[in-house]
Structure formats: structure tokens, C-alpha cells
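Chains as they are written, first to last, in the numbering used here: chain P, 1 to 127; chain U, 128 to 254; chain Y, 255 to 381; chain A, 382 to 508; chain X, 509 to 635; chain L, 636 to 762. Presented below is the structure to which this report refers.
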């Protein structure tokens with residue numbers, strides 16, 4: 001599939017692109033949106049849910065970007081590591097924070113499997 | 128494998144259990160540590176690395192617990208969801224924060240696959 | 255490991271290659287088979303099971319290719335996305351169908367994690 | 382987290398529940414929606430996107446349920462296997478079709494790893 | 509789906525059950541085979557490939573069971589952990605060996621993600 | 636993040652690098668360690684646990700490398716496949732052994748999903 005450029009996009013896609021650009025104050029949308037524009041329904045759903053959930057809310061935006069990076073590493077999604085890593089840095093993540101995040105990701109993936117391997121029963125206190 | 132109780136544990140295991148209890152100010156260690164005590168070398172390595180990385184550092188401890196929960200959901204580790212969910216709440220996570228975290232986990236797992244499906248090339252700006 | 259070309263293959267491998275070529279009416283086998291030929295037992299098992307299951311059966315062949323693509327995206331297997339994506343298109347999948355498939359893959363990966371996160375109990379009606 | 386019953390739900394949640402019930406012609410919503418109602422924004426986003434993508438479109442609804450089941454097996458989501466398995470059967474999937482689907486899921490998960498293991502390069506014909 | 513008992517099985521299934529019983533010198537087949545018998549083609553393919561690959565070969569049978577357990581933990585397949593864990597023990601795995609195996613599984617899942625996170629380039633010496 | 640060369644490393648990192656080099660009798664450390672040196676705490680934890688677990692123990696070192704390769708294929712970690720594949724070969728794995736390992740990895744990933752799909756209950760004999 002090919003990316004859809006703004007000038008070639010149908011009106012429904014242009015409207016989403018315009019909203020991304022004005023919300024994020026950027027001159028152009030990232031590659032992710034240009035490819036997702038091949039499926040205009042998902043383009044709108046994904047943008048609307050990300051816009052609502054990733055912005056100001058109960059967790060601060062930087063925390064949410066760090067969570068996004070952690071999941072993208074776990075799932076080995078190179079594009080998502082790059083895009084959300086850049087977003088985390090833009091929102092204030094230092095190199096020390098990113099390195100500590102990587103450490104947590106490594107440890108969680110290890111202890112997830114150790115808990116499986118030993119079939120550890122959930123403590124009463126956690127229920 | 129069976130859990131190892133404090134009174135039945137070899138000295139090397141007792142020493143780790145004691146350190147967990149005094150560090151966390153708890154009367155007993157969780158099931159995870161009692162099962163992992165079957166492999167005393169890993170018990171020590173896992174505890175020492177968690178103790179050093181999950182405490183005070185470049186990211187605040189609550190953020191790290193939220194990341195842990197997010198990965199545990201992605202990997203479907205029920206024990207780890209329960210234990211780190213409890214830790215997150217103990218460190219101040221409200222129900223609203225947990226719900227928003229779950230939303231981010233869902234969205235990241237969706238967009239990770241959409242980026243794969245379209246083989247989206249990494250934007251120059253992210254490199 | 256290196257791919258095994260027809261002319262260099264032992265007879266057991268040649269026999270499988272010949273069957274692939276005559277079944278699929280192609281001049282040469284894909285790279286997957288040339289590499290798998292390094293393990294002649296698996297070459298035969300994989301080919302025989304794919305031949306029997308992916309052809310005419312209870313589900314139509316296109317549906318099965320779409321399922322294959324969906325799993326390959328979920329597992330992030332680039333080769334399999336390419337080969338089964340090509341097979342799906344050869345069997346009639348339009349661009350609109352592929353885009354809708356990608357949408358389903360994204361949604362399923364999202365709701366799988368939301369169901370985990372909330373530990374949703376299975377409804378009586380589904381049992 | 383606890384499920385939210387219709388009578389206890391805020392208006393925004395009730396509106397989504399009503400739409401699910403009238404769209405699907407059911408007396409009550411499944412557990413998934415009652416739990417997701419803890420996060421009303423995601424409840425609405427997930428419902429709206431599933432409603433639009435899983436209904437009539439470029440792929441027939443049964444095919445999309447089968448894809449959903451296949452991904453849920455791959456990710457080991459028990460709730461999703463049960464709910465989308467029931468939906469697939471309600472839309473016409475026979476036992477033979479479900480068994481053949483399971484076969485495809487097994488084969489795809491096998492060949493995904495074999496392609497990784499041999500680092501098979503993508504054939505020119507697939508590009 | 510329900511398990512298929514020997515006495516209710518069609519002849520093609522009975523033949524596979526008989527071969528499993530005589531090869532493994534057991535009075536009855538495990539649950540896995542009774543469920544897989546719902547799809548007689550896969551029953552035969554899976555049995556024939558396991559029989560050929562898991563027995564005597566280039567790797568000793570115990571090593572192959574340990575690999576099977578390691579993958580089953582990584583994928584969180586409880587049935588497979590139980591059945592291949594039992595097979596490993598039957599073939600000579602001690603508790604110390606199982607504990608060390610679990611340690612390796614934990615470490616590999618950690619370093620897999622650390623290598624992803626840092627996007628470590630493959631050393632020339634490994635190519 | 637950039638790799639840390641020995642001459643630019645802080646003393647704590649140099650000490651780990653020196654220990655890796657003398658333990659493994661190599662002139663320089665692999666890329667993995669140079670990148671992980673960005674997080675000196677994890678560098679030390681990962682090295683100390685690998686050093687203790689992957690060496691002589693209850694399982695022979697080659698078996699542990701094969702397990703490592705199997706998990707790395709399952710998780711699709713290209714760097715880890717390359718580095719532990721090289722280590723397995725250095726410890727005596729023949730091409731026939733690697734091919735048989737790949738076969739086991741494929742089969743385990745298939746039967747893990749078949750056991751999930753059929754929700755096979757664990758046999759009494761395995762408990």
C-alpha cells in the first residue's frame with residue numbers, strides 16, 4: 001500500500017489531516033497517518049481515540065508516551081518505538097529516563113515469564 | 128514446584144527475604160519470591176535489579192509501576208497484573224488513572240499492528 | 255543457513271519441490287521452501303499440511319489466506335505478510351478488503367488487551 | 382474493577398449501551414461492555430469502531446469474526462475466543478469450519494517462526 | 509468442542525491413537541490428542557511431525573522437551589507447560605535443571621527486549 | 636542511543652567490560668554490551684545474571700544457548716538469534732542440530748495455539 005498525500009486525499013481524510021495538524025501544531029502529518037489514510041474509517045477512529053486519550057487527562061502526557069514506548073518495545077514495533085520515543089523526548093524525557101524505562105521493560109518481560117513458569121498463585125492481599 | 132517458606136529456606140534465601148521485608152517494610156514476602164526461591168541465584172538477581180531500578184531514580188516509582196502493569200497486560204500475565212496493579216494503587220494510582228492506563232495499552236497494541244500491517248517507514252524526523 | 259536450489263537438492267527434497275510446483279502450477283518454489291529444505295523432514299510435513307488445509311475445504315481458500323495474513327501481522331512476520339498478502343490478492347482480495355482486514359487486526363489486538371486488563375469473566379451465554 | 386450495570390451508568394454510558402442493544406437486537410450487553418464502561422471514552426471509541434468495521438463492508442461479517450477468533454487464539458485471550466467464537470457460530474460457522482480455522486491458526490504460528498528462524502528474504506515476486 | 513474418545517472415533521483417528529499408544533507405550537492418549545481429533549487431518553499431521561522430530565535425532569530428546577517448555581512459558585500456554593514439563597521430567601530433568609531452565613527463559617525474554625529497545629546492530633562477527 | 640566504547644566508559648562500565656572480556660577470553664565486548672552500557676545498573680545486573688546462569692550448572696552450556704535461540708526466534712529478536720546462534724555453534728551445535736531446533740520451535744508454536752484453541756484441560760497425570 002502507498003501513503004496518501006494531502007493533495008490526493010478525499011475530503012474525509014483531509015479533514016482528519018487538518019485536525020491532526022492544528023491539534024499538534026505541525027506542518028505535515030507523520031507517515032503513520034498517510035498510510036492509515038488508505039482506510040479512512042480507521043484513520044478517523046484511531047485519531048479521535050488517540051487525541052482524546054493521549055492528551056491531558058488523569059495521567060500526564062509524558063507518562064502515557066513512556067507506556068506507549070514500553071509496549072512498542074515488547075511487541076517489537078520499530079516504527080512505534082521511533083515515533084513514540086520522539087514524542088516522549090519532545091515532552092521532556094531525558095536520556096536517563098529513557099534508559100531507566102528500557103530497564104523496566106526488560107525486567108517486566110523477565111518476571112512475567114518467571115511468574116508463568118512457576119504458576120505463582122495470586123496473593124490474597126492482591127485480590 | 129512448591130513455594131519456599133522462610134523457616135525452610137537456606138541462608139542465602141533467608142538473606143534475600145530479610146532484605147525484601149526490611150526494604151518494603153512488610154511482614155512477609157509475596158508468593159512470587161517464595162516460588163522464585165526454588166532458584167536462589169535468580170531470586171537474588173531479580174530482587175537486586177528490581178530494588179535498584181524500581182525505587183527512586185530518573186522516573187518516579189508510580190510511573191514505573193504503571194509501565195509494569197501495561198507490559199503485564201500485553202503479555203497476559205495475570206499474577207503480574209495483580210501484584211503491580213496493587214503496587215500502583217499503593218503508590219497513588221486512582222481508578223481513573225488505571226482506566227486511562229488500560230486505554231493506552233489497548234490503543235498501543237492496536238497501532239503497533241497497524242504500523243506493521245502497512246509497513247510504515249520511519250519518518251526522517253524520528254531518526 | 256543458505257537456500258537449497260532444486261539442482262543441488264537430495265531426492266526427498268526434489269520430490270517435495272516437484273509436488274509444490276505441480277500443485278501450484280509455478281515454475282519455481284518460493285524462498286520459504288528453499289530455506290526450509292535445510293530440514294527435509296519439516297519441508298515435507300509443512301508442505302503436506304499446508305497443501306491439505308489451505309486448499310479447498312470447509313472455509314474458502316481466500317478466507318484462509320486472510321486469516322494467515324492477520325496472524326502474520328500480529329506476530330510481526332514480514333516474510334509471511336508478504337507471501338500470504340500476495341496469495342490473498344491472487345485469490346481475489348481487493349485493496350478495500352486488505353484495508354478492512356488490517357482494521358480488524360488492529361481492533362482485535364486492542365480488545366484482546368482490554369479484556370485482559372479488566373479480567374472480564376466469560377458470559378454464561380458463551381459457554 | 383467492577384462491571385457497570387445499565388441502571389447505575391451515567392448517561393454517556395447508557396447511550397452506548399442503548400446503541401449496542403438496538404444495533405445487535407439483544408436485551409442486554411455482554412460483560413465486555415459492562416467492564417469497559419469504567420472508561421466511558423474507550424467504551425464509545427471501541428463500540429463505534431467495531432460497529433463500523435465489523436458489520437457489512439468489503440469482507441463479509443463471518444470472515445471478520447473468524448479473523449477475530451484467530452488473533453484471539455494467537456494472543457491467548459480466553460474471553461475473546463469465547464465471545465467471537467460464539468459470534469462466528471451465530472453467523473454461520475459450522476464445527477468443521479471452526480476446526481479448519483484452528484488448523485490454519487496452528488500452521489500460521491508455526492510457519493511464522495520458521496520464516497524468522499531461517500531469516501527468509503522476501504521473494505522479488507511479492508514486492 | 510468436546511474430546512473424542514477412542515471408542516467413538518472414526519477409523520482414521522483410531523489409527524493415529526493406536527500409533528501414539530504403541531509408540532509411547534501408554535494405555536491412553538493425552539487430552540491434547542482427544543481434542544485435536546476433532547480435526548483428523550491436523551491430528552495426523554501434528555502426530556507425524558512430532559513423532560519424527562521429537563524422538564531420537566540430532567538433539568537428544570530431553571533437550572527438545574526443555575526447548576518445548578521454554579517456548580510454552582514464553583507463549584503462556586498452561587497445558588503445554590504441564591505436558592512437556594512432565595515429559596521433560598520423565599526423560600530425566602531434575603528440579604535443579606527445571607529451575608535453571610526457568611532462569612534462562614526469564615533472562616532471554618529480558619535481553620530480547622533490551623536488544624530491541626536499543627536497536628543493537630548485529631556484530632560483524634555474527635554474520 | 637549510541638554505543639559506549641571502552642575508552643569513553645565510566646569506571647563502573649569499564650569494570651563490567653573487563654570482566655566480560657576476561658571471562659569470555661575475547662578482545663572486545665559485543666555490541667549488546669556497548670549499548671546496554673548506557674544504563675550501567677542494567678549492564679551489571681544482566682552481565683552478572685548471565686554469567687552465573689549461562690555457564691556451567693545443572694544444564695550444559697550448549698543446551699542453554701539452544702533454549703536462548705528458541706526463545707529469540709519465538710519473540711522475533713534478530714540480534715539475539717544472531718548472537719546466541721553464534722554462541723550455540725561455538726559450543727558445538729552442528730547445522731543438523733540447528734535445523735532440528737528450528738523444527739521444534741515451529742512445532743511448539745503450532746501446538747501452543749492448538750492447545751489454546753481447543754482449551755484442552757490439563758490431564759490429571761500432569762498435575
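Beta carbons: idealized from backbone N, C-alpha and C, even for Gly. The model shown is predicted, which means the values in this text are computed figures rather than measured ones.
A contact is defined here as three or more CB-CB pairs under 8 Å, and the region 391-399 of chain A fails this definition with respect to the region 69-80 of chain P. Taking the beta carbon of residue 41 of chain P as reference, the chain Y residues within 8 Å of it are 357, listed in sequence order. Neighbourhood of residue 284 of chain Y in chain U, by CB distance below 7 Å: empty, with the nearest CB roughly 19 Å away.
Residue 735 of chain L sits away from residue 600 of chain X, with the two beta carbons spaced by 8 Å or more. With the criterion set as a beta carbon lying under 8 Å from some beta carbon of chain U, the members of the region 448-462 of chain A are 456, 457, 458, in sequence order. Within 7 Å of the CB of residue 477 of chain A, the CB atoms of chain Y belong to 312, in sequence order along the chain. Around residue 99 of chain P, the beta-carbon contacts reaching into chain L at under 7 Å are 673, 674. Between the region 443-456 of chain A and the region 359-369 of chain Y there are three or more inter-stretch CB-CB distances shorter than 8 Å, so the stretches are counted as touching. For residue 376 of chain Y, there is no enclosing alpha helix (DSSP H), since its DSSP letter is neither H nor E. Contacts between residue 233 of chain U and chain Y, judged by CB atoms closer than 8 Å, involve 364, 365, 367, 368, 371 in chain order. Contact with chain X is absent for residue 337 of chain Y, since none of that chain's Cβ atoms lies less than 8 Å from the residue's Cβ. Neighbourhood of residue 123 of chain P in chain U, by CB distance below 8 Å: 157, 158, 209, 210, in chain order.
Per the C-alpha coordinates, the member of L/652, L/661, L/642 positioned closest to residue 633 of chain X is L/661.
Within chain P, the residues placing a beta-carbon under 7 Å from that of residue 191 of chain U are 104, ordered along the chain.
Residue 639 of chain L sits in coil when the DSSP states are folded into three classes, being neither helix nor strand. Between residue 761 of chain L and chain X, the shortest Cβ-Cβ separation is below 8 Å. For residue 527 of chain X, the enclosing alpha helix (DSSP H) covers residues 519-532. Taking a cut-off of 8 Å for Cβ pairs, the region 155-162 of chain U and the region 18-33 of chain P do not touch, as fewer than three such pairs fall below it.
Judged by DSSP secondary structure, residue 702 of chain L falls within the alpha helix (DSSP H) whose first and last residues are 696-709.
With a threshold of 16 other beta carbon atoms within 10 Å, residue 39 of chain P meets it and is buried. DSSP places residue 212 of chain U inside the alpha helix (DSSP H), whose first and last residues are 205-217.
Interface criterion not met: the Cβ of residue 261 of chain Y is under 8 Å from no Cβ in chain X. Per DSSP, the unbroken alpha helix (DSSP H) holding residue 45 of chain P starts and ends at 40-54.
In the structure shown, residue 37 of chain P falls within a coil segment according to DSSP collapsed to helix, strand and coil. Exposure of residue 373 of chain Y is indicated by the presence of fewer than 16 other C-beta atoms within 10 angstroms of its C-beta.
Looking only at A/441, A/432, A/477, A/504, the smallest Cα-Cα distance to residue 403 of chain A is reached by A/432. In terms of Cα proximity to residue 337 of chain Y, the closest of A/471, A/496, A/453, A/384 is A/496.
Beyond the five residues adjoining it in sequence on each side, residue 390 of chain A comes within less than 7 Å, by CB distance, of 398, 418 in the same chain, given in chain order. Looking only at X/510, X/621, X/542, the smallest Cα-Cα distance to residue 74 of chain P is reached by X/621. The Cβ atoms of residue 484 of chain A and residue 307 of chain Y sit closer than 8 Å to each other. The beta carbon of residue 61 of chain P sits closer than 8 Å to those of 54, 55, 91, all from its chain and outside the five residues before and after it, given in chain order.
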